[in-house]
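To keep things clear, I will list the structure first and then write my remarks on it.
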Amino acid sequence: MIRTIQMDSSGRLVIPQAVRERYDLVDGAYSLELIESEEGIVLRPKLEEVAAEAHPSGWIVFRSGEAEAIDPAQAVAEERERRTRRVRADG
Amino acid sequence: MDSPPPAAAYPGTFLCDTTVLFAASDAAHRRHDRSLALVTSAEPRRAFVAAHSLAELYATLSATPGRKVRRVDQVLQAVEHVARSFTPVTLDLDGYLWVLRHVAGAEARSGQVYDALILKCAERAGVDTVFTWNPVHVMRVAWPGMAERIRTP
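Pasting the structure below:
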């Protein structure tokens with residue numbers, strides 16, 4: 176999808192809310208990677224890869240941060256909410 | 019609902035919902051140790067999972083909140099291990115429609131329908147216990163015969 180957005184005299188851009196929601200760029204400030212290519216400028220979220228290891232049982236365990244940093248019930252609820260938000264944004 | 023014995027020693031048949039699978043899959047989660055102890059004791063003849071939870075676990079693990087990303091090949095590996103360790107339970111169309119009518123009747127909204135789908139799979143599997151880290155929300159959509167089977171690991 177091609178959108179036209181405006182840049183102000185200081186170089187600031189506003190990414191439309193529907194696009195921010197689609198890329199989970201909501202509820203906070205984020206770092207973006209700015210890539211200069213022959214086709215133009217590409218912006219993409221800067222991501223940090225999470226380490227993973229296999230438990231002796233075979234279960235895959237990720238280590239995405241400090242112990243007890245994430246509430247699993249809240250994380251699942253937020254993913255369900257993101258899914259609903261994406262459907263609304265695409266509709 | 020947080021009653022002994024510890025879930026890791028649970029002798030009966032059980033179903034783990036997505037919150038338990040997710041908590042077991044990342045050391046950063048609250049309740050990780052208890053969840054991992056439970057899921058690593060799972061064997062397909064007595065441990066069940068809603069097929070919907072396999073998709074939901076993939077979606078949640080592969081999401082990128084906080085700008086951290088888990089590799090999708092490792093996420094897939096994690097989900098496939100769940101599918102082998104537990105017996106996945108599916109619903110037919112009548113099962114889905116029953117759940118939708120039930121949540122509408124309970125005036126439940128939005129993502130609560132997924133808790134009800136998972137609970138319906140637990141009923142279909144005939145498990146003794148449904149383990150979740152979100153008992154309040156799951157109880158909200160539970161029905162007689164299932165509500166008393168819900169507990170935390």
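Line by line, the protein sequences give chains A and B. Using our numbering, read the first sequence as starting at 176 and increasing by one per residue. Using our numbering, read the second sequence as starting at 19 and increasing by one per residue. The beta-carbon is built from N, C-alpha and C at its ideal position, and this holds for glycine as well.
Where B:D133 sits in the DSSP three-state scheme = Here B:D133 sits in helix by DSSP.
If we ignore side chains and look at the alpha-carbon of each, how far apart do A:A252 and A:Y205 end up?
-> Taking the straight line joining both Cα atoms gives about 22 angstroms.
Answer yes or no: do A:G233 and B:H99 have a C-beta to C-beta separation smaller than 8 angstroms?
-> yes
Check whether B:S53 and B:A41 have beta carbons under 8 angstroms apart = Cβ atoms of B:S53 and B:A41: closer than 8 angstroms.
What residues in its chain sit with their C-beta under 6 angstroms from that of B:R127, if we drop five residues either side in the sequence?
-> Cβ within range, chain order: n/a, list empty.
Note the first and the last residue of the continuous beta strand (DSSP E) segment covering A:E268.
-> With chain A covering 176 to 266 only, the question about residue 268 of chain A has no answer from this structure.
Since I believe A:A227 is in contact with B:Q92 (beta carbons under 8 angstroms), could you give me their beta-carbon distance rounded to a whole number of angstroms?
-> Contact flag correct, Cβ pair sits at about 5 angstroms.
When the distance is taken between beta carbons, is B:V145 closer than 8 angstroms to B:F66?
-> yes
Cβ of B:G30 less than 8 angstroms from any chain A Cβ?
-> no
Check whether the Cβ of A:D202 lies closer than 7 angstroms to any heavy atom of the ligand MG, and answer yes or no.
-> No copy of the ligand MG appears in this structure; indeed no ligand is present at all.
Could you say which of B:E125, B:T37 and B:T78 lies nearest to A:R258 if we only look at CA atoms?
-> Closest option to A:R258, Cα to Cα, is B:T78.
Proximal chain B residues relative to A:S206, where beta-carbon distance stays under 8 angstroms | R85
On the premise that B:S103 lies in contact with B:A68, defined as a C-beta separation below 8 angstroms, what is that separation, rounded to the nearest angstrom?
-> Rounded to whole angstroms, the Cβ separation of B:A68 and B:S103 is 14 angstroms, and the two are not in contact under 8 angstroms.
Is DSSP giving B:E61 helix, strand or coil here?
-> Taken through DSSP and simplified to helix, strand or coil, B:E61 comes out as coil.
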